[in-house]
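For reference, the structure discussed in these notes is given below.
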Amino acid sequence: MGSGYFDLTGRTAMVTGAGAGGGIGAAVAAALAQAGAAVLVTDIDGDAAAAVAEGIRAGGGTADSAALDVGDRGAADAAAAKAAELGGGALHILVNNAGVTAPAMFPKLTDETFRLTFDVHVMGTFHCTQAALPYIPTDGTGRIINVTSAAGLTGTLGQVNYSAAKAGLIGFTKSLARELAAKNIMVNALAPLAATPMTETIRTNEKFAANMMNRIPLKRWAGPAEIAGAFVFMASDAASYVTGQVLPVDGGMVM
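Under the numbering used here, the first residue of the sequence shown is numbered 9, with each subsequent residue one higher.
Below is the structure:
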């Protein structure tokens with residue numbers, strides 16, 4: 009388990025969009041559990057979330073799971089309550105990771121694909137954060153960690169819908185950080201880049217893939233596990249004086 013600055017023993021976390029095998033959410037849930045946190049793994053696919061939680065328990069960690077469509081406020085309320093039960097009534101760490109992508113060049117975007125990205129990324133984060141807030145301690149251990157993207161910071165080819173939604177999360181993060189500072193709750197965002205099922209379209213489309221690789225100084229995609237450590241940092245006492253920030257974890261793409 010964790011030690012020192014990064015020890016999360018006694019804390020409880022909820023991670024959304026954590027059921028996809030090979031995804032960032034699953035890797036983050038596992039890393040938080042390895043650092044000592046009890047983790048509620050949630051995903052729109054309840055069976056996938058349960059499998060990730062079982063893997064964490066098999067490795068000696070503490071985890072439970074719940075099916076969660078972040079677009080459903082009632083489901084978000086239920087998941088937050090279940091997560092708090094793991095921690096004796098407290099939910100210390102919320103990771104808003106659930107996401108969706110629907111890349112297309114701008115003329116081919118539709119109302120449906122544009123609205124979808126906002127419903128999942130922005131409204132989903134709103135639902136889960138508001139649901140979790142009553143359970144988040146005000147003793148300095150409370151953390152809300154939102155997942156944005158380089159797309160929201162600099163834009164990216166063929167993803168106007170996704171970029172706009174991720175930029176919205178940056179504004180959400182900064183405004184909420186100002187509001188919750190009075191309650192000693194830290195609110196930050198990470199902008200990760202990894203080889204996951206969600207980035208498969210970009211990685212396998214010749215035009216998109218070449219554009220992305222030209223923008224990454226390290227000239228490779230990270231594995232999800234390489235990304236997870238930054239989330240442990242933001243969740244831990246090491247980040248006790250960090251709020252309202254966006255941390256890119258992207259091989260130097262955004263500098």
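Glycine included, every Cβ here is placed at the ideal spot set by N, Cα and C.
Quick caveat, the model's predicted, so the values are computed rather than measured.
DSSP puts residue i in a beta bridge; with which residues?
| i | result |
| --- | --- |
| A202 | A230 |
| T70 | A46 |
| L255 | L198 |
| A75 | D51 |
Expressed to the nearest angstrom, what Euclidean distance is found between the alpha-carbon atoms of residue i and residue j?
| i | j | result |
| --- | --- | --- |
| G260 | A84 | 34 Å |
| S244 | G252 | 15 Å |
| I52 | V128 | 11 Å |
| R228 | A89 | 39 Å |
| D72 | P115 | 43 Å |
| I235 | D119 | 32 Å |
| T137 | N104 | 8 Å |
| L161 | A106 | 18 Å |
| E93 | D258 | 34 Å |
| M131 | D80 | 9 Å |
| N169 | K215 | 18 Å |
| N213 | A139 | 38 Å |
| Y143 | A247 | 20 Å |
Terminal residues of the continuous beta strand (DSSP E) containing residue i?
| i | result |
| --- | --- |
| I153 | 151-155 |
| N104 | 101-104 |
Taking buried to mean at least 16 other C-beta atoms within 10 Å of its own C-beta, is residue i buried or exposed?
| i | result |
| --- | --- |
| A189 | exposed |
| M220 | buried |
| G10 | For G10, the predicted model reports a pLDDT of 48, less than 50, meaning its position is unreliable and no value from the coordinates is stated. |
| A66 | exposed |
| T146 | exposed |
| P205 | exposed |
Could you give the residue range of the alpha helix (DSSP H) that holds residue i?
| i | result |
| --- | --- |
| T20 | Careful: T20 lies outside any alpha helix (DSSP H), inside the beta strand (DSSP E) at 20-23. |
| N219 | 214-223 |
| Q138 | 132-140 |
| F180 | 168-188 |
| A89 | 81-94 |
| F122 | 119-125 |
Check whether the region 194-207 and the region 174-184 are in contact - that is, three or more C-beta pairs closer than 8 Å. yes
So does the region 93-112 actually touch the region 10-25, counting three or more Cβ pairs closer than 8 Å? yes
Would you call the region 62-72 in contact with the region 37-48, where contact means no fewer than 3 C-beta pairs closer than 8 Å? yes
Between the region 73-80 and the region 53-60, can you find at least three pairs of beta-carbon atoms closer than 8 Å? yes
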